[in-house]
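Pasting the structure below:
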């Protein structure tokens, strides 16, 4: 039991923190918020996937990717293509010149579904592509760069350029991608209407549970020997290389893993919000996603989730009420986090909540109820 | 070829090539500043585009003043100098307040300067409005001359090119033929030793950063002659200029010039034959692929990272 606890939850404290997050996402938010606000939270949770991926990649691996939005977007687009094909059946598109193809293709005088849309007629293939396309792209980029020992700022700049290329490509190829509007008017998933209230609740719970799952899996990755090596590579890459490890393969793996997590977030975004557009692919969203991880704490998986929730909550609040202040605040946040709180909220929590250990407090308080568990938890104490 | 006769293709290439030269000049001016800041100091300045915008707004502001005092034909030279000085001092202050705390954390510099660029964009928007503004150009910058009836070369393009040439030569002379440049290069090569022989390395850092920003200001002044300025103008050029510097090989002045030329020409000629987005995509894609094969850039010495 202790091994599982340490491996998957990051120890006692980690388990309690994760439990609090799970209760917050799965119980408190759904009970407390109305459906509209819950939808917003659901949207932020999809960004949290990217923030978690950046914690692994940037905080633990020291690899700053400014192209995570690209993987988020690719995952989202794969899902959106499937939903769009399902929504464009010949009956509901009979007013078009060519019924049975997505509306934006019809507007752009395309008369048949292009070859790269064909696989997205099947749901299992779509799920496979949601995970595989971003991972494969990450593999190519990672293989080309890490095998040549390109890292640090060069890697950041090049991933940024690739994100720019992809977003220009999507905007430019309107007939194949829906252009700047993206893929909109998504209706059903395998005949199940995703726009109803009950569907929204179901999707929210799937989304939040997936996030918890991803965090547990990532905890497992980080607590393995691989996680140790990742940290070692971040701090002394040459030394790890001279110890006989193949540094580039480790980096490629973590980059691919991070891309896959981001893609899950993107696909869930499409399902919950009902559209996907190039505004989630380019440079600006990709850098914003880095700030989620930075605010939450670049070393803390759970912190990153809170970072994503808080920054986006702030963004929604401010851009509704004081749109002109928002950029000041966002810019100031970047500067302040980097200058004064390099470890983000998780760092603040760690430094100032040291004397108040929630796990110990809970265990002490409910020690009678959890006698057995407490013994198990406390066997190191 | 694409349904044009050979002569037409020739004319198109000359004219597009020339509009490429204007883009080349602006990119070169931007990249020169970045080559100093990024290539020499290793600082990623994501707000570099905003320093260009500072220069552009300075020029626009001075041109409005010039219209009032009726000195439109002569103000431009002062505008260039003012743009340089203003951007220089803002850069000086930014280095003092922000950059110098982050020299050991290059990735964090990137985030902090991105934040700075957001703040600066919003300042531009609040001060000058969200709409694009353009400078009143002196008469001698307007119009074009025609070497043959089919070829049309705008004068402002020639001017911007001349300016870029002068600044490039100036930067070269400063970096490789002056005491100041010697200090900068010494600090970059070996900070400890430079300090030991009595160079104030902190001061050198600050001046280097400010100089790079100042040159971006000049780029902004040049930019006003070929396009109008908005709050986000600079951010449109930032990725391109980084690609120029990385592609050319970060520490090489020749490489920066060559890659600015290559990128600008490829973009503007391709943009005529394909759609503008595809022209840009194919240019950037080529650069990325070449960089994957040859990460150190075109003209760099054989060192890693």
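Residue numbers (the numbering used here), protein chains in the order written: chain A, 1 to 381; chain B, 382 to 686.
Glycine included, C-beta positions come from ideal geometry on N, C-alpha and C.
Check                                                                                                                                                                            : Outcome
Determine the contact status of residue 657 of chain B and residue 411 of chain B, defining contact as a CB-CB distance below 8 Å.                                               : no
Counting only the same chain and skipping the five closest in sequence on each side, list residues whose C-beta sits under 7 Å from that of residue 218 of chain A.              : 52, 56 and 301
Using DSSP with H/G/I as helix, E/B as strand and the rest coil, what is residue 249 of chain A?                                                                                 : helix
How far does the alpha helix (DSSP H) with residue 320 of chain A in it reach, from first residue to last?                                                                       : 301 to 321
Look at the alpha carbon of residue 318 of chain A and the alpha carbon of residue 325 of chain A, and state the distance between them as a whole number of angstroms.           : 7 Å
Measuring only between beta-carbons, confirm whether residue 661 of chain B sits less than 8 Å from chain A.                                                                     : yes
Just to confirm before moving on: does the CB-CB distance between residue 483 of chain B and residue 150 of chain A stay below 8 Å?                                              : no
Does the distance from the CB of residue 60 of chain A to the CB of residue 222 of chain A come in under 8 Å?                                                                    : yes
Going by DSSP, what residue range makes up the alpha helix (DSSP H) through residue 557 of chain B?                                                                              : 536 to 558
Is residue 328 of chain A close to chain B, meaning its C-beta is less than 8 Å from at least one C-beta of that chain?                                                          : yes
For residue 606 of chain B versus residue 518 of chain B, is the C-beta distance shorter than 8 Å?                                                                               : yes
Hey, could you find the ends of the alpha helix (DSSP H) residue 487 of chain B is sitting in?                                                                                   : 487 to 509
Taking the C-alpha atoms as reference points, what is the distance between residue 276 of chain A and residue 646 of chain B?                                                    : 34 Å
Quick one: which residues of the segment 491 to 515 of chain B get their C-beta closer than 9 Å to a C-beta of chain A? List them in chain order.                                : 491, 492, 493, 494, 495, 496, 497, 498, 499, 500, 501, 502, 503, 504, 506 and 507
Would residue 42 of chain A and residue 207 of chain A qualify as a contact pair, given that the criterion is a beta-carbon distance under 8 Å?                                  : yes
Flag residue 429 of chain B as yes if its beta-carbon sits less than 8 Å from any beta-carbon of chain A, otherwise no.                                                          : no
On the CB-based measure, 16 or more other CB atoms within 10 Å of its CB, does residue 661 of chain B come out buried or exposed?                                                : buried
For residue 612 of chain B, is the classification buried or exposed, using 16 other Cβ atoms within 10 angstroms of its Cβ as the cut-off for buried?                            : buried
Quick one, which residues of the segment 309 to 323 of chain A are near chain B if we go by CB-CB under 8 Å, in chain order?                                                     : none
Considering only C-alpha positions, which residue in the set A:278, A:257 and A:8 is nearest to residue 80 of chain A?                                                           : A:278
Rounded to the nearest angstrom, what separates residue 685 of chain B and residue 489 of chain B at their Cα positions?                                                         : Confidence in residue 685 of chain B is poor, its pLDDT being 43 and thus under 50, which makes the residue's placement too unreliable to answer from.
Rounded to a whole number of angstroms, what is the C-alpha to C-alpha distance between residue 678 of chain B and residue 570 of chain B?                                       : 19 Å
Measuring alpha carbon to alpha carbon, tell me which of A:264, A:111 and A:350 ends up nearest residue 210 of chain A.                                                          : A:264
Counting C-beta neighbours from all protein chains within 10 Å, is the total for residue 102 of chain A 16 or more, i.e. buried, or is it exposed?                               : buried
Just to make sure I have the definition right: I need the residues of chain B whose C-beta is within less than 9 Å of the C-beta of residue 342 of chain A. Which are they?      : 486 and 489
Would you report the Cα separation of residue 33 of chain A and residue 25 of chain A, rounded to the nearest angstrom?                                                          : 11 Å
Return the Cβ separation of residue 523 of chain B and residue 536 of chain B in integer angstroms, given the expectation that the two are a contact with Cβ distance under 8 Å. : 7 Å
Between the C-alpha atoms of residue 493 of chain B and residue 328 of chain A, what's the straight-line distance to the nearest angstrom?                                       : 13 Å
With DSSP as the reference, label residue 183 of chain A as helix, strand or coil.                                                                                               : strand
Applying the 10 Å Cβ sphere with the 16-neighbour rule, what's the burial state of residue 381 of chain A?                                                                       : At residue 381 of chain A the pLDDT is 38, less than 50, meaning the model places this residue with poor confidence; the figure from the coordinates comes in the next sentence. Burial call: exposed.
Going by the beta-carbon positions, is the gap between residue 435 of chain B and residue 468 of chain B smaller than 8 Å?                                                       : yes
Indicate whether at least one CB of chain A lies closer than 8 Å to the CB of residue 640 of chain B.                                                                            : no
To which residues of the same chain is residue 131 of chain A closer than 7 Å at the C-beta, ignoring the five residues directly before and after it?                            : 260 and 263
Given a cut-off of 8 Å, decide if residue 137 of chain A and residue 286 of chain A are closer than it, judged by their beta-carbon atoms.                                       : no
Give a yes or no on whether 8 Å exceeds the smallest Cβ distance from residue 519 of chain B to chain A.                                                                         : no
Just the chain A side, please: which residues come within less than 9 Å of residue 654 of chain B by C-beta, in chain order?                                                     : The contacting residues do not exist; residue 654 of chain B stays about 15 Å from chain A at best.
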